[in-house]
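K.L.:
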Amino acid sequence: MTSQNVTDRYVRVPVKHRPPEERKKDFDTYVYEYTPEEAAIEASRCFSCGVCIQACPARVNIPEYLMAAARGDVEEGISIIFKNLPLPQICGTVCTHACEDACVVGKNGDPLAIRHVKRFISSSVENYADVVKPDIKPETGKKVAIIGAGPAGLTAAYYLALEGISSTIFEALDVPGGMMSVGIPRYRLSMDVIEKEVEFIESLPGVEIKYGTKVGTDIPFEELQRNYDAIFIGAGNHKPRMVGCEGEDNECVFHAIDFLKRIALGEDIPVHGKKVLVVGGGLTALDAARTSIRLGASEVSVFYRRRKEDRPSAGTSNAEEELEEAIEEGVDFIWMVTPFEYVQDPATKKLKGVKYWKNRMIEPEDGGRARPEPIKDQEYFIECDYVIEATGQTIDFSFLPKEIQDKLEMDRNNIKVDRSQMTSIPGIFAGGDAVNKKKDIISASADGKAAARGIARYLKKK
Numbered sequence: 013m014t015s016q017n018v019t020d021r022y023v024r025v026p027v028k029h030r031p032p033e034e035r036k037k038d039f040d041t042y043v044y045e046y047t048p049e050e051a052a053i054e055a056s057r058c059f060s061c062g063v064c065i066q067a068c069p070a071r072v073n074i075p076e077y078l079m080a081a082a083r084g085d086v087e088e089g090i091s092i093i094f095k096n097l098p099l100p101q102i103c104g105t106v107c108t109h110a111c112e113d114a115c116v117v118g119k120n121g122d123p124l125a126i127r128h129v130k131r132f133i134s135s136s137v138e139n140y141a142d143v144v145k146p147d148i149k150p151e152t153g154k155k156v157a158i159i160g161a162g163p164a165g166l167t168a169a170y171y172l173a174l175e176g177i178s179s180t181i182f183e184a185l186d187v188p189g190g191m192m193s194v195g196i197p198r199y200r201l202s203m204d205v206i207e208k209e210v211e212f213i214e215s216l217p218g219v220e221i222k223y224g225t226k227v228g229t230d231i232p233f234e235e236l237q238r239n240y241d242a243i244f245i246g247a248g249n250h251k252p253r254m255v256g257c258e259g260e261d262n263e264c265v266f267h268a269i270d271f272l273k274r275i276a277l278g279e280d281i282p283v284h285g286k287k288v289l290v291v292g293g294g295l296t297a298l299d300a301a302r303t304s305i306r307l308g309a310s311e312v313s314v315f316y317r318r319r320k321e322d323r324p325s326a327g328t329s330n331a332e333e334e335l336e337e338a339i340e341e342g343v344d345f346i347w348m349v350t351p352f353e354y355v356q357d358p359a360t361k362k363l364k365g366v367k368y369w370k371n372r373m374i375e376p377e378d379g380g381r382a383r384p385e386p387i388k389d390q391e392y393f394i395e396c397d398y399v400i401e402a403t404g405q406t407i408d409f410s411f412l413p414k415e416i417q418d419k420l421e422m423d424r425n426n427i428k429v430d431r432s433q434m435t436s437i438p439g440i441f442a443g444g445d446a447v448n449k450k451k452d453i454i455s456a457s458a459d460g461k462a463a464a465r466g467i468a469r470y471l472k473k474k
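Under my numbering, read the sequence shown as residues 13 to 474, first letter to last.
#1: Under a Cβ-count criterion, where at least 16 other Cβ atoms within 10 Å of its own Cβ denotes burial, should residue 298 be classed as buried or exposed?
#2: Hey, could you find the ends of the beta strand (DSSP E) residue 205 is sitting in?
#3: State whether the region 74-94 contacts the region 450-469, with contact taken as three or more CB pairs (one from each stretch) at a distance under 8 Å.
#4: Does DSSP classify residue 252 as helix, strand or coil?
#5: In the DSSP assignment, what are the bridge partners of residue 157?
#6: Taking contact to mean 3 or more Cβ pairs, one atom from each stretch, closer than 8 Å, check whether the region 406-419 and the region 378-388 are in contact.
#7: I'd like to know whether the C-beta atoms of residue 45 and residue 127 end up nearer to each other than 8 Å.
#8: Tell me the rounded alpha-carbon separation between residue 212 and residue 451.
#9: Give the straight-line distance between the Cα atoms of residue 253 and residue 267, rounded to the nearest whole angstrom.
#10: Give the single residue among 388, 71, 108 whose Cα lies nearest to the Cα of residue 328.
#11: Are there three or more Cβ pairs, one per stretch, closer than 8 Å when the region 194-206 is compared with the region 293-308?
#12: Answer with buried or exposed for residue 315, where buried requires no fewer than 16 other C-beta atoms within 10 angstroms of its C-beta.
#13: Quick check on DSSP: helix, strand or coil for residue 310?
#14: Have a look at residue 233 and residue 225 and give me their C-alpha separation to the nearest angstrom.
#15: Would you check if there are 3 or more beta carbon pairs closer than 8 Å linking the region 153-169 to the region 116-123?
#16: Does the Cβ-Cβ distance between residue 188 and residue 210 come in under 8 Å?
#17: Could you tell me how far apart the beta carbons of residue 401 and residue 367 are, in whole angstroms, since I believe they sit closer than 8 Å?
#18: Which residues in the same chain as residue 466 place their Cβ atom closer than 7 Å to its Cβ, once the five residues preceding and following it in sequence are excluded?
#19: Please state the DSSP three-state secondary structure of residue 370.
#20: Could you spell out the range, first to last residue, of the beta strand (DSSP E) harbouring residue 350?
#21: Just verifying my parser: in three-state terms, what is the DSSP assignment at residue 273?
#22: Quick one: what's residue 430 bridged to in DSSP?
#23: Applying the 10 Å Cβ sphere with the 16-neighbour rule, what's the burial state of residue 463?
#24: Does the distance between the C-beta of residue 74 and the nearest non-hydrogen atom of the ligand GTP fall short of 7 Å?
#25: Which same chain residues, not among the five before or five after residue 94, have their C-beta less than 6 Å away from its C-beta?
#26: Three or more C-beta pairs under 8 Å: does that hold for the region 231-249 against the region 139-158?
#27: Indicate the three-state DSSP secondary structure (helix, strand or coil) for residue 267 in the structure shown.
#28: Count the other CB atoms within 10 Å of the CB of residue 345; is the residue buried (16 or more) or exposed (fewer)?
#29: Relative to the C-alpha of residue 363, which residue among 353, 423, 372 is closest?
#30: Report yes or no: do the region 420-430 and the region 270-279 share at least 3 C-beta pairs separated by less than 8 Å?
#31: In chain order, which beta strand (DSSP E) runs of at least 3 residues are fully inside the region 97-127?
#32: Following the continuous beta strand (DSSP E) through residue 35, name the residue where it begins and the one where it ends.
#33: Give me the Cβ distance between residue 191 and residue 102, rounded to the nearest whole Å; I'm assuming they're in contact under 8 Å.
#34: Cutting at 6 Å between CB atoms, please list the residues of its own chain near residue 296, excluding the five before and the five after it.
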């Protein structure tokens, strides 16, 4: 391993990217992995203080696997990660990496590239089964139904298997990964990575995944209650929230979730050579904009009603990285604007553009987040052929019988759970997007692990 002096310890080993002009033409992965030497050098910058562990929702022992990487021992590194996280390469590729924002090295220099070292470790182990040898308890004869094959459901199935508890995952889609497969573009997360980790989890005793099986439609929720000892709800945010603009029923107006899903499943949306306007300021808006660029859109603009510094997750390294990458690829950002009408040609019904107002920001007297207020004395217009609304999404709870919905305690549109992830209905647990306000993969995975432990305790008492 190449050594570093004290000064170098505060300088990150650069993470290489494909040039913007090259990467924006396809959906191939655009971030290069560390080489073994680069990973060892980067990992050796760690002070082993452990602050990053507290920032990680899954409480992965980051210093331990970094030290393993510094020694070049990827097998030990992957074994350490699997104690708390069975989706290491997925998270090593697209995790929001709050651990890096907490890294103490970053106070005086560059924070450790923790996510990229995790990606190096996990990608270096081609078959987890050859290395990861978890202690699996004897079969208990108990069965758990899991709704959703996303990060929460997959993690719950993994840790239930270690407890000797069988699980069946019911996934409405025909592909594994839930929203990871249809909500994250392929240039950020390839299906090969998802399939690798799902296949390992599915190889454990007692784990079964039924694809194309929608609870509430293909199989009644009541049947799960009759045939299983417990239920875990790990459904993802598949239900769009639209803006409510006049003209949003036009066929050239999409919600970002539907747009990204259709592209991920191989459908062609003809934005090539067209002007695309994305409404929203979060990471989903960036995904929709950058996907449009890769589909050959001639111009892509993002409308956001607040200031640049007010957008969701602004200031975190993850959000800043993705914003910078989008700008490099040619996405234009227009801040502090509110669209109010999608204008179509009366004869052809084709979209012509968007009418909008500019906003002023109102600072609340009691502090808190500034509120945008449209200045309606002047209207503006921008031409576009397609509008993609990235304005939030939620869980569609229609798969639950009304009596179950009535009994579930809710916090707005999130299910309330206790520390073991159990809902207000005994035997029904929940996690991930259905519960967690962070709505990210690592938090969903942490919920799945906590739920597996809670279910095991519940079944033991029962």
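For glycine and all other residues, C-beta sits at the position ideal for the given N, C-alpha and C.
P.N.:
Working from what's here:
#1: Along the sequence shown, one-based indexing puts residue 298 at 286. Label assigned to residue 298: buried.
#2: Along the sequence shown, one-based indexing puts residue 205 at 193. That residue, residue 205, is in no beta strand (DSSP E); its alpha helix (DSSP H) goes 203-214.
#3: Per the Cβ contact rule, the region 74-94 is not in contact with the region 450-469 (fewer than 3 Cβ pairs under 8 Å).
#4: Locating residue 252 in the sequence shown gives position 240, where the first residue counts as 1. Strand, per DSSP.
#5: For the purposes of this step, residue 157 is taken as the residue at position 145 of the sequence shown. Residue 157 is bridged by DSSP to 180, 243.
#6: No contact exists between the region 406-419 and the region 378-388.
#7: Counted from its first residue, the sequence shown places residue 45 at position 33. Counted from its first residue, the sequence shown places residue 127 at position 115. Between residue 45 and residue 127, the C-beta spacing is not below 8 Å.
#8: Within the sequence shown, residue 212 is the residue found at index 200, counting from 1. Within the sequence shown, residue 451 is the residue found at index 439, counting from 1. Answer to the nearest angstrom: the Cα atoms are 24 Å apart.
#9: The residue labelled residue 253 in the question sits at position 241 within the sequence shown. The residue labelled residue 267 in the question sits at position 255 within the sequence shown. Their backbone Cα atoms lie some 8 Å apart in a straight line.
#10: Residue mapping note: residue 328 aligns to position 316 of the sequence shown, counting from 1. Of the candidates 388, 71, 108, 108 places its Cα closest to the Cα of residue 328.
#11: The region 194-206 makes contact with the region 293-308: 3 or more CB pairs, one atom from each, lie closer than 8 Å.
#12: As a working mapping, residue 315 is identified with position 303 in the sequence shown. By the 10 Å Cβ count, residue 315 comes out buried.
#13: Walking along the sequence shown from the start, residue 310 turns up at place 298. Shown here, residue 310 sits in coil according to DSSP, grouped into three states, outside any helix or strand.
#14: Counting from 1 along the sequence shown, the entry for residue 233 is found at position 221. Counting from 1 along the sequence shown, the entry for residue 225 is found at position 213. One C-alpha to the other measures close to 12 Å.
#15: The region 153-169 makes no contact with the region 116-123; the number of CB pairs closer than 8 Å stays below 3.
#16: For this step, residue 188 is matched to residue 176 along the sequence shown. For this step, residue 210 is matched to residue 198 along the sequence shown. It is a contact, given that the beta carbons lie within the stated cut-off.
#17: What you label residue 401 is simply residue 389 of the sequence shown in a count that begins at 1. What you label residue 367 is simply residue 355 of the sequence shown in a count that begins at 1. Separation of the CB atoms of residue 401 and residue 367 is rounded to 15 Å, and the pair is thereby denied contact status at 8 Å.
#18: Walking along the sequence shown from the start, residue 466 turns up at place 454. For residue 466, the CB contacts under 7 Å within the same chain, skipping 5 residues up- and downstream, are 432, 433, 434, 441 in chain order.
#19: Translated into positions along the sequence shown, residue 370 becomes position 358. DSSP places residue 370 in the strand class (E or B) of the three-state scheme.
#20: Your numbering for residue 350 matches position 338 in the sequence shown. Residue 350 -> beta strand (DSSP E) spans 349-356.
#21: For the purposes of this step, residue 273 is identified with residue 261 of the sequence shown, where counting begins at 1. Reduced to three states, the DSSP call for residue 273 is helix.
#22: By one-based count along the sequence shown, residue 430 stands at place 418. Residue 430 pairs with nothing; no bridge assigned.
#23: Here residue 463 corresponds to residue number 451 of the sequence shown, with the count starting at 1. By the neighbour-count rule (16 or more Cβ atoms within 10 Å), residue 463 is buried.
#24: The model depicted lacks the ligand GTP and carries no ligand whatsoever.
#25: Numbered from its first residue, the sequence shown carries residue 94 at position 82. Around residue 94: 144.
#26: Taking a cut-off of 8 Å on C-beta distances, the region 231-249 touches the region 139-158, as three or more cross pairs fall below it.
#27: In the sequence shown, counting from the first residue as 1, residue 267 sits at position 255. Residue 267 falls in the strand class under three-state DSSP.
#28: By 1-based counting over the sequence shown, the position of residue 345 is 333. By the 10 Å Cβ count, residue 345 comes out buried.
#29: Locating residue 363 in the sequence shown gives position 351, counting from the first residue. Residue 353 is the option with its Cα nearest to residue 363.
#30: No, because fewer than three Cβ pairs between the region 420-430 and the region 270-279 fall closer than 8 Å, the two stretches do not touch.
#31: Whole beta strand (DSSP E) segments, 3+ residues: zero.
#32: For the purposes of this step, residue 35 is taken as the residue at position 23 of the sequence shown. It is not in any beta strand (DSSP E) - residue 35 instead sits in the alpha helix (DSSP H) that spans 32-35.
#33: As a position in the sequence shown, residue 191 is number 179, starting the count at 1. As a position in the sequence shown, residue 102 is number 90, starting the count at 1. Incorrect: roughly 12 Å between the Cβ atoms, too far for contact.
#34: The sequence position of residue 296 within the sequence shown is 284, counting from 1. Spatial neighbours of residue 296 in its own chain (CB-CB distance under 6 Å, excluding positions within 5 residues in sequence) are listed in chain order as 268, 402.
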